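First comes the structure, then the notes that go with it.
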Amino acid sequence: GEGIDVDKFVFKVQPRFISYVLPNENERLGFEAAILSPTSEEINYTIQHFDELDIIQRTTGPETYSGYLKYSRKYDDTWAGFGASYRLSDNFYIGASSFLSIKVLKYQFRRGADAYQEGDSVLINDVLEPKYIAQNSLEEEMKYWDLSFIFKLGAQYKTNNERFSIGINLTFPNIPFIGQADVRKAVNRSNVYDNYSSSFTTNDIFIGYEEKIKPRIKTPFSAALGLQYFTASRKNSISITAEYFSSIDPYPIVESSVYFTGGSEILDISDNANDFMSYYTSANSVTNLAFGFKQYISPTFFFMGGFRTDFTSGVSDDIRFAGDKFKINQIHIDLSLI
């Protein structure tokens with residue numbers, strides 16, 4: 001509804017990565033184990049709104065309209081894996097790493113609208129009739145977990161004094177391994193009066209549920225370029241990074257075998273009615289930037305800070321469809337993080 005302010009402040013402390021360098025006697029080789037947290041998102045909100053309007057021409061006097069909206073989305077992507085590097089010369093290094101990506105999504109969306117008059121009966125053509133309530137609602141629930149493999153390749157160049165270095169890192173699209181998804185959707189419409197035809201629309205209800213569906217989650221190819229500079233005193237360093245993520249064409253995250261059996265008018269859909277229980281998605285290409293600062297207080301203690309962008313790759317032109325197919329309603333927000 002117009003005039004409803006939405007404001008939320010969240011303070012969250014979360015380690016972006018935990019790593020451990022494995023002992024090794026070969027000076028040219030390096031090994032590392034790491035756990036990364038590329039994405040951790042959670043959004044919840046609930047809105048209840050009332051208004052008094054005179055829309056239904058069949059009745060005399062205004063109706064009370066009640067609108068309810070509940071949205072919940074929690075998504076986590078955690079990587080665990082190993083990396084290895086090799087020193088080709090005093091100035092040049094190459095490396096590779098492999099990760100097991102664990103993605104978990106829990107999504108719920110409920111939208112309901114009711115129209116009614118406050119009295120026990122309604123006046124129609126100067127005749128009292130029993131009270132009725134017009135209702136329309138949509139409910140969605142979807143959750144999945146997905147395991148996939150991700151591989152990276154990188155290279156780094158350092159100057160002889162090691163005060164300046166430049167590196168590049170390539171992350172390849174994920175290779176799916178195993179996963180599972182559950183989907184539930186429900187649509188209900190009753191006692192809705194159509195002013196144009198001067199008649200009630202057909203009451204209808206649809207409840208669909210399917211579990212143990214195999215999801216297909218795609219991650220983009222990305223290329224990152226990083227620079228690092230140390231001051232002459234070696235007490236401070238500055239890091240700058242830019243990373244490009246490729247686009248992803250519309251594709252099904254979850255393809256359900258349950259067909260929509262309600263009337264086409266209930267959702268105003270026709271061609272994609274059989275995809276109503278499925279979820280599709282797509283992604284735009286995007287480039288994010290980061291800046292980091294590190295000050296060495298002592299050999300064992302130092303201070304770090306940074307700033308980075310998290311521009312969304314989500315396609316926000318249509319919140320309902322992706323490539324004319326149904327998708328998860330998602331809030332697209334460009335973030336700046338410290």
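Reminder that position 87 of the sequence shown reads as 87 in the working numbering, one-by-one numbering, no gaps.
All C-beta atoms in this analysis are idealised placements derived from N, C-alpha and C, irrespective of residue type, glycine included.
None of the values given here were measured: they were computed from a predicted structure.
Which whole-angstrom value describes the C-beta separation of residue i and residue j, a residue pair presumed to lie in contact below a C-beta threshold of 8 Å?
{"i": "Ile328", "j": "Thr261", "result": "At roughly 22 Å, the Cβ-Cβ gap does not stay under 8 Å, so Ile328 and Thr261 are not in contact."}
{"i": "Gln117", "j": "Thr59", "result": "6 Å"}
{"i": "Tyr144", "j": "Ala186", "result": "The pair is not a contact, with the Cβ atoms about 19 Å apart (cut-off 8 Å)."}
{"i": "Gly179", "j": "Lys218", "result": "Not really, about 12 Å apart at Cβ, beyond 8 Å."}
{"i": "Ser246", "j": "Ser285", "result": "6 Å"}
{"i": "Ala283", "j": "Val315", "result": "7 Å"}
{"i": "Arg111", "j": "Glu141", "result": "Not confirmed; about 13 Å, so no contact."}
{"i": "Ile168", "j": "Leu227", "result": "With 8 Å as the limit, Ile168 and Leu227 do not qualify as a contact, their Cβ atoms being about 11 Å apart."}
On the DSSP bridge assignment, give the partners of residue i in chain order.
{"i": "Thr241", "result": "Gly226 and Ala290"}
{"i": "Glu139", "result": "Arg110 and Ala186"}
{"i": "Thr46", "result": "Lys70"}
{"i": "Tyr259", "result": "Beta-bridge pairing links Tyr259 to no other residue."}
{"i": "Pro130", "result": "Ser121"}
Spatial neighbours of residue i within its chain, please: C-beta separation below 6 Å, excluding the five flanking residues on both sides.
{"i": "Ile35", "result": "Ile18 and Ala80"}
{"i": "Ala115", "result": "Glu63, Tyr65 and Ala134"}
{"i": "Leu123", "result": "Thr60"}
{"i": "Gly67", "result": "His49 and Ala113"}
{"i": "Phe92", "result": "Tyr157"}
{"i": "Tyr71", "result": "Tyr45 and Phe109"}
{"i": "Ile205", "result": "Asn188"}
{"i": "Ile47", "result": "Leu69"}
{"i": "Pro220", "result": "Phe245, Ser246 and Ile248"}
{"i": "Asn308", "result": "Position check: residue 308 holds Arg in this sequence, whereas Asn was assumed. These residues qualify, in order along the chain: Ala290 and Leu337."}
{"i": "Leu138", "result": "Arg111 and Val187"}
Mark residue i as exposed unless 16 or more other C-beta atoms lie within 10 angstroms of its C-beta, in which case mark it buried.
{"i": "Asn174", "result": "buried"}
{"i": "Phe301", "result": "exposed"}
{"i": "Ala232", "result": "exposed"}
{"i": "Arg189", "result": "buried"}
{"i": "Tyr279", "result": "buried"}
{"i": "Ile297", "result": "exposed"}
{"i": "Leu105", "result": "buried"}
{"i": "Gln295", "result": "exposed"}
{"i": "Met277", "result": "buried"}
{"i": "Asp194", "result": "exposed"}
{"i": "Phe177", "result": "exposed"}
{"i": "Thr171", "result": "buried"}
{"i": "Lys103", "result": "buried"}
{"i": "Asp51", "result": "exposed"}
{"i": "Asp146", "result": "buried"}
{"i": "Phe82", "result": "exposed"}
{"i": "Gln330", "result": "buried"}
Going by beta carbon distance, what residues of the same chain come within less than 7 Å of residue i, once the five residues before and after it are set aside?
{"i": "Tyr229", "result": "Arg163, Phe164, Ser237 and Ile238"}
{"i": "Tyr259", "result": "Asn274"}
{"i": "Lys212", "result": "Gln180"}
{"i": "Glu129", "result": "Ser121 and Val122"}
Once you ignore the five residues that flank residue i on each side, which residues in its own chain have a CB closer than 8 Å to its CB?
{"i": "Leu53", "result": "Pro62, Glu63 and Tyr65"}
{"i": "Asn24", "result": "Gly30 and Phe31"}
{"i": "Asp310", "result": "Asn288, Asp334, Leu335, Ser336 and Leu337"}
{"i": "Tyr20", "result": "Glu32, Ala33 and Ala34"}
{"i": "Gly119", "result": "Lys131"}
### Query
Just checking, does the stretch 76-96 make contact with the stretch 153-160 on the three C-beta pairs under 8 Å criterion?
yes
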